[in-house]
Every structure is written in C-alpha cells, then in structure tokens.
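S.K.: Numbering (the working numbering), first residue to last: 28 to 148. The structure is given below, and queries will be raised subsequently.
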C-alpha cells in the first residue's frame with residue numbers, strides 16, 4: 028500500500044498536474060486568439076481534471092486506511108481484517124483513477140511504462 032501511495036503521489040499525480048497545466052496554458056492561449064471556442068484541448072482538460080481530483084481523493088483515503096492499519100497493534104487477525112476491509116478497497120479505488128489517468132495523459136508526460144507497452148514487449 029505504501030509503495031502504491033508513493034508511486035502515485037510522487038510520479039503519476041505530478042505527471043498529471045504537469046499535463047493539466049500544459050493543457051490549461053494551451054486553452055488560455057487559444058482562447059486569447061480564437062475567443063471562447065470549444066477546443067480539443069479544452070475537452071481534454073475537462074476530461075482530465077475530475078480524474079486528477081479522483082486520484083487525489085483516493086490517495087487521501089489510502090493514507091487514512093494505512094493509518095488505521097498502523098493503529099492496530101499486537102493482533103495479527105485484526106490487522107489482516109483491517110487490511111482486507113480498508114487497505115484493499117482503498118488501493119482498488121486508487122487504481123481505478125490511476126488507470127484512467129494512464130489513458131488520458133499524453134505519452135510525453137507519463138513517467139512509467141503503460142500497460143500496453145508492458146504487454147507488447
């Protein structure tokens with residue numbers, strides 16, 4: 028869980044922020060040239076933004092779940108149950124958002140190999 032949290036918070040989310048910032052600058056520039064037109068960049072930005080927010084929320088939930096697990100001491104059964112009840116669902120939610128970001132983030136910004144790249148090699 029900690030490895031996932033670190034990977035998402037230190038690599039995937041910053042990459043999404045950078046791509047989102049690039050899209051926002053492009054939209055702003057295009058709007059200054061063309062007016063308030065709907066552009067493909069704006070569509071990409073609108074698709075990306077809620078998924079970035081979803082991943083941020085999932086990371087907070089994952090961090091909270093990890094804290095709940097660490098609060099349990101000297102009871103292996105309770106730790107296993109907490110992992111099953113809290114950690115696994117939190118990791119699944121984070122993965123859903125991260126997988127979605129993988130499909131929305133431009134190759135130039137995505138910091139790790141994509142599933143499709145791993146499967147084709």
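Backbone N, C-alpha and C define an ideal beta-carbon position, used for all residues, glycine too. Here the structure is a predicted model, which is why all the values come from computation and not from measurement.
How long is the line joining the alpha carbons of residue 44 and residue 110, rounded to whole angstroms?
M.R.: Stepping through the chain shown from its first residue, residue 44 is reached at position 17. Stepping through the chain shown from its first residue, residue 110 is reached at position 83. Going by the C-alpha atoms only, they are around 30 Å apart.
S.K.: What is the DSSP secondary structure of residue 113, reduced to helix, strand or coil?
M.R.: Stepping through the chain shown from its first residue, residue 113 is reached at position 86. Three-state result, residue 113: helix.
S.K.: Taking only three categories from DSSP, how would you classify residue 100?
M.R.: To locate residue 100, count along the chain shown from 1; it is residue 73. Here residue 100 sits in coil by DSSP.
S.K.: Go ahead and pull the three-state DSSP assignment for residue 76.
M.R.: On the chain shown, residue 76 is found 49 positions in, with the first residue counted as 1. Helix, per DSSP.
S.K.: With a threshold of 16 other CB atoms inside 10 Å of the CB of residue 92, please say whether the residue is buried or exposed.
M.R.: The residue given as residue 92 occupies position 65 in the chain shown. Buried: at least 16 other Cβ atoms inside 10 Å.
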